[in-house]
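See structure below.
Pasting the structure below:
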């Protein structure tokens, strides 16, 4: 028996300068099913969904929604057809309220002005119907990540969407929140919704989906029923070969202390404490991984180590030298290397040539400068070496950094940091958004460096990466260090429960401090665990 | 079209050329609509331009414009919009004229003191805005503009009456500087190559200073470590900070540096022309200089070319006024239209360049990869 | 003390300002007693303050619309210049209403230019604004040369005289306030006097300007257009994902800001100078921007900022007209000294040492200046607005919150 098709894509092709993002892609989604789209980073899943949602036009191909052929010129058209998209990077205005964010674009009107009462009533109604609770008057910036995602989902349901597209929804969630999300999705499905779900975490995909379509390098590989396939088979379909995993090798940890954070307290610009009394030690030859949900103080801690965030109290010692009040430049000169979490925003000068980018962070001293002057020759030679050793694909060292792909940009950054022979490397999400091959390269580089004595502080949202690379894992929650774990003995679930505070018996949104500390106002407990 | 060098030259030249064309067309339309024959006007401008005296006049006008542009450009390179050049140069010129009229020194020293005073005042006034930004986060656009008014409407307006030479004169000003404070002109040098310069025109000696400033600016920005830090801060302030560039120090350096150069803007008039600060002192050079900097894309060569262009147009304005065949104000329209069209054109061409570069790089990299594969096969 | 402070903070915004204003008037009344001048809370002063605040207010509201849409508009000054020229030209041809409308349109055209450059071509916002500020006066000069020279009183740098709107006084309220004024009660009568300045001797244009404050607020926060415009300034990509026409709303925001600035220019010509003259905007477009920042990007805040920045000048107008020329302006120094001393005290309690030094130092300077002079020269009130802007920005810059995507270029479809 053939169920009606909610979505049918045939022969969708989309080209960008230099790359074919979607190459003759076919997709068939049945009404009322949960359909996953799998593929590694850069395979073309996001582009496909943007086309489906009307954010970009396809170059070739046919789209059918509920049996009717359609062309979308803007998200409005898609919304009208009952398609709603929950984006991976939330599309929310921080300074505006939940209500304003939700109704935007579909504002209920009365006598020429917005009918806020009607809007609020409808929002609450939708929320309750699907078990998603939010307060319409809250400002987005006061909400935690899971709550913001709920707002995104309500946004979509508010408009009566029957087909929901979720783009990597679990990327920012820990296992317990993922379960909550899946519960909501199943309820939505029971109410007749069709769900399309982009993900590359195979366990999750197998758990929640009815059907799975695999996309690799812009082409559809196959579509299978979830019940017919195993994780290993899926992985092979996605990558064409086995997924490499970070594996644990012999310990190279010494007892020479390289980085020592003692009782670090940090405040934000509103004088709220964001990091409480954190102490961490990293030794030569050791990788210490910091686990934690975004927004629990890790970024501020890293910024403090780099020298961008002032330290309210506590000390930072690098190889025995107190660097708490030292400038960023001086810390770098002392051997601190940094791979920033957002390579384009924090790590590169996009319109400068590669050799100037290679100098960034190391421009004082050889080989990049001689005294007052920049040493162009030295810089170019060094960049050439980095390019070769770290496999940065580019025609030469003179192209702008903008011309490199994301993966190559990341390799350049890692290369320039490693080439400076740092004593301590701070790496924030070092393999975010780069393809599997490059990811494996990066892991190897880090491990090789570790073997010869590099001390590394690693932050990552990729729990596999964290568990696989680290010698020790510390967990941050609400600005405190709440656990120190041995990666060999921990599993993602346990790690997740520490990251959400559940392991400590706390709920995520009611810290036991006074409202003056801790992110977000104290609110009533919602019974999450 | 595939020759990379040719392509690069064309892209570099395309924007100003397109903008210039646009400006000429718009000006022609404006002229015709308001009843002046466009072709006649252009011909007058052109003929006048070929005269030696006009060239001297152009250089004289271009010199302070260039200096003002460099002053602004130092900040622009760091995405600091130092609109305060106007107030800085006027305040600097006034105080330099006052100091210069009070000291009695042999020639070189006298001139040096005047210049040093001007540069110091400019640096302090600009540094004040920098300090406000660094310590209190006060937006530099607003603070420099406010300081402009405080300088001209407050300080100079308040202090000038105390130093006036002759209160009965129509054009009141500070006492004329003794000749030891006069900078000799360059006519002698020019006349080696050309005929005698007529109409009493004198080529200002400050031109030499301007050239030196231009060279120093170029070398420091492009070749030095300091210049690297400045450019990085301008391209991506966060990445620069993460890369060790001290943000507050950079801001102060840029503002003070800009102020130092801004102080020189009034020097042609003080040292070579009127030899005093009076009520007729030329205003508006600061804003014009900002336009020149934008046109010249903050590079020494570009700003020099733009300064010459604007200087030439200003010079033509005087001619148009005399001939009365067209409104002399059309010059300002030409300049402003050119500026606006140029900034738009730069943006468009820039984007084309970027896309071009990305596409070429991708092509080249894929070629390399397939070559490798072929070799290893 | 702290309890009072907390209760004060608990009041809604619209209630807090009147309390602060009353306290301010108390300060003025006290200083009047001490220094002997009567002009600080004089109705004439308040009236002048209101009148002279309108150009700044309108420019500030213009900035509000533009920046809420995510576009920084430094070119407000240039658009104001266009407003002055077109205002004069319109008034010469069609009377005051013609001037008002022509000024509005002239400014809007400038806004359109800025919008094309920044939204369509993604030129840097400040660069485009600066270019417009260079273009506008030049265009005005050229047009004056063509159109005004040859007329009586006209030249390349000014126009013939034009008439403004008639003045009127709001009945009933003004009478009530007058009677309170006549009672001569300390502080109460002062408040009445100041308030009367808002309702007596008003021109239609002034009233229009004041009314635009609640109207702007309403548009931005209660209408669909306003919500969509604001998303352009907070997170345009979010708006785009929901089908909001981002480019269109940005254009509208910038054109409106040009129109308002043009209105400001027309006001200067019609109500303040009586003619167009080159250079008459004297940086008020920028002061409007400062009022916007001071007002934390809200319409009511822009109003307060405009009044604050215009007060010294309004005072000086009345002051230098009377025989007591310069006395009231000198008294203003004492007001500033006391005000700065209060800031210094607050800095002391909040343990902000740098603020304490700066505020304390300036208070001392102001006090010494006051004690050392009998009257103040005219260049002082001319300069005070600019100094006031700096002082306000120095002490208040930290707590302000501008639209999140202000100044950022937006490309359709790229995210």
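Chains as they are written, first to last, in the numbering used here: chain L, 1 to 529; chain B, 1001 to 1377; chain H, 2001 to 2415.
For glycine and all other residues, C-beta sits at the position ideal for the given N, C-alpha and C.
Note that the structure is a prediction, hence the values are computed from the model and not measured.
Check: Identify the contact partners of residue 355(L) in chain B, using a Cβ-Cβ distance below 8 Å as the criterion.; Outcome: In chain order: nothing, as chain B lies at least about 11 Å away.
Check: Compare the C-alpha of residue 74(L) against each of 49(L), 452(L), 396(L), 306(L) and name the closest.; Outcome: 49(L)
Check: So which residues of chain B does residue 352(L) contact, with C-beta pairs closer than 7 Å?; Outcome: 1235
Check: Please list, in chain order, all residues of the same chain as residue 1091(B) whose beta carbon is under 7 Å from its beta carbon, the five residues on each side excluded.; Outcome: 1121, 1125, 1151, 1155, 1156
Check: Grouping DSSP H, G and I as helix and E and B as strand, with all else coil, what is residue 423(L)?; Outcome: coil
Check: What does DSSP give as the partner residue(s) for residue 216(L) in the beta ladder?; Outcome: 219(L)
Check: Chain D beta carbons: is any one of them nearer than 8 Å to that of residue 2382(H)?; Outcome: Protein chains in the displayed structure are L, B and H, and chain D is not among them.
Check: Closest to residue 82(L) by CA distance: which of 272(L), 155(L), 148(L) is it?; Outcome: 155(L)
Check: Quick check on residue 55(L): does DSSP put it in helix, strand or coil?; Outcome: coil
Check: Report all residues from its chain with a CB closer than 6 Å to the CB of residue 419(L); omit the five preceding and five following residues, and keep chain order.; Outcome: 386
Check: Give the single residue among 476(L), 45(L), 52(L), 32(L) whose Cα lies nearest to the Cα of residue 274(L).; Outcome: 476(L)
Check: Can residue 1076(B) and residue 1303(B) be called in contact, C-beta distance under 8 Å?; Outcome: no
Check: By alpha-carbon positions, which one of 211(L), 411(L), 453(L) ends up nearest to residue 285(L)?; Outcome: 453(L)
Check: Kindly indicate the opening and closing residues of the beta strand (DSSP E) around residue 1048(B).; Outcome: Premise fails: residue 1048(B) lies in the alpha helix (DSSP H), 1038-1049, not in any beta strand (DSSP E).
Check: Any Cβ of chain H within less than 8 Å of the Cβ of residue 349(L)?; Outcome: no
Check: State the Cα-Cα distance for the pair residue 64(L) and residue 447(L), rounded to the nearest angstrom.; Outcome: 49 Å
Check: Exposed or buried, what is residue 416(L) when buried is set at 16 or more other beta-carbons lying within 10 Å of its beta-carbon?; Outcome: buried
Check: Residue 1081(B) touches chain H at which residues, Cβ-Cβ below 7 Å?; Outcome: 2126
Check: Can you have a look at residue 1177(B) and say buried or exposed, based on whether 16 or more other CB atoms are within 10 angstroms of its CB?; Outcome: buried
Check: Indicate the three-state DSSP secondary structure (helix, strand or coil) for residue 373(L) in the structure shown.; Outcome: strand
Check: Can the beta-carbon of residue 27(L) be found closer than 8 Å to that of residue 7(L)?; Outcome: yes
Check: Taking 8 Å as the threshold (beta carbon to beta carbon), is residue 93(L) in contact with chain H?; Outcome: yes
Check: Apart from the five residues just before and just after residue 506(L), which ones in its own chain have a Cβ nearer than 6 Å to its Cβ?; Outcome: Here residue 506(L) scores only 46 on pLDDT, less than 50, and its place in the model is too uncertain to base an answer on.
Check: Along chain H, in chain order, which residues have C-beta atoms closer than 8 Å to that of residue 105(L)?; Outcome: 2228, 2239, 2242, 2243, 2244
Check: Contact defined as beta carbons within less than 8 Å: I believe residue 289(L) pairs with residue 470(L). What is the distance between those atoms, to the nearest angstrom?; Outcome: 3 Å
Check: Taking its Cβ as the centre, do 16 or more other Cβ atoms sit within 10 Å of residue 1361(B), making it buried, or is it exposed?; Outcome: buried
Check: Which stretch, first to last residue, makes up the beta strand (DSSP E) that contains residue 5(L)?; Outcome: 5-16
Check: For chain L, is any of its Cβ atoms less than 8 Å away from the one on residue 2224(H)?; Outcome: yes
Check: Give the single residue among 1371(B), 1233(B), 1275(B), 1021(B) whose Cα lies nearest to the Cα of residue 1165(B).; Outcome: 1275(B)
Check: Cα-Cα, which of 2200(H), 2223(H), 2081(H), 2257(H) is closest to residue 111(L)?; Outcome: 2223(H)
Check: Can you tell me whether residue 1199(B) is buried or exposed, with buried defined as 16 or more other CB within 10 angstroms of its CB?; Outcome: exposed
Check: Could you tell me the boundaries of the beta strand (DSSP E) in which residue 480(L) lies?; Outcome: 480-485
Check: For the region 1262-1281 of chain B, list every residue whose C-beta sits within 7 Å of some C-beta in chain L, in sequence order.; Outcome: none
Check: If you follow the beta strand (DSSP E) that residue 2222(H) is part of, which residue opens it and which one closes it?; Outcome: Segment 2204-2222 is the alpha helix (DSSP H) holding residue 2222(H); no beta strand (DSSP E) there.
Check: Would you mind working out which of 1245(B), 1225(B), 1223(B) sits nearest residue 1233(B), comparing C-alpha positions?; Outcome: 1245(B)
Check: On the three-state DSSP scale, how would you describe residue 35(L)?; Outcome: strand
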